[in-house]
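A.B. asks: Going by UniProt numbering, the sequence shown runs without a break in its numbering and finishes at 84.
Ideal Cβ positions, reconstructed from N, Cα and C, are used throughout, including at glycine.
Quick one: this structure, given as structure tokens, is what I'll be asking you about.
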Amino acid sequence: MLLIFGFAFQLPVAMWALTKTRIVNSNFWKDNLRYVVIFLVILGAIITPDGSGITMWFVVGPLMLLYVIGIIAIQIDLRITKYN
1 MLLIFGFAFQ LPVAMWALTK TRIVNSNFWK DNLRYVVIFL VILGAIITPD GSGITMWFVV
61 GPLMLLYVIG IIAIQIDLRI TKYN
């Protein structure tokens, strides 16, 4: 579980890098938000050690927060590059 959170903290950086290199369009992240939430809930259910839903949400919550932080960082970067 520690390794998964280690990779998860790289999520906003990976999202920004994929958008900056134009591999992925910036709207892709917002358009697929509902699929990401479903994927993260399933992933959280798989990787949590016990069967309680509370532990699953303790895993899913930070992952969703990191995804949203990535979207916000991309939008800020697009505004900065648009004005320069």
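1. Rounding to the nearest angstrom, what Cα-Cα distance links Lys20 and Phe58 in this structure?
2. Within the continuous alpha helix (DSSP H) that includes Asp77, where are the two ends?
3. Helix, strand or coil for Asp50 per DSSP?
4. Within the chosen definition, does the segment 71–80 reach the segment 6–20 through at least 3 CB pairs nearer than 8 Å?
5. Is any heavy atom of the ligand GDP found at a distance shorter than 7 Å from the C-beta of Trp16?
C.D. replies: Taking the structure as given:
1. Indexing the sequence shown from 1 puts residue 20 at position 20. Indexing the sequence shown from 1 puts residue 58 at position 58. Rounded to the nearest whole angstrom, the C-alpha separation of Lys20 and Phe58 is 31 Å.
2. In the sequence shown, the residue the question calls residue 77 occupies position 77. Looking at the DSSP string, the run of the alpha helix (DSSP H) that includes Asp77 is Gly53 to Tyr83.
3. Walking along the sequence shown from the start, residue 50 turns up at place 50. Looking at Asp50 - three-state DSSP - the assignment turns out to be coil, as it is neither helix nor strand.
4. Judged by pairs of C-beta atoms under 8 Å, the segment 71–80 touches the segment 6–20, as three or more such pairs exist.
5. The ligand GDP is not among the ligands present in this structure, which contains no ligands whatsoever.
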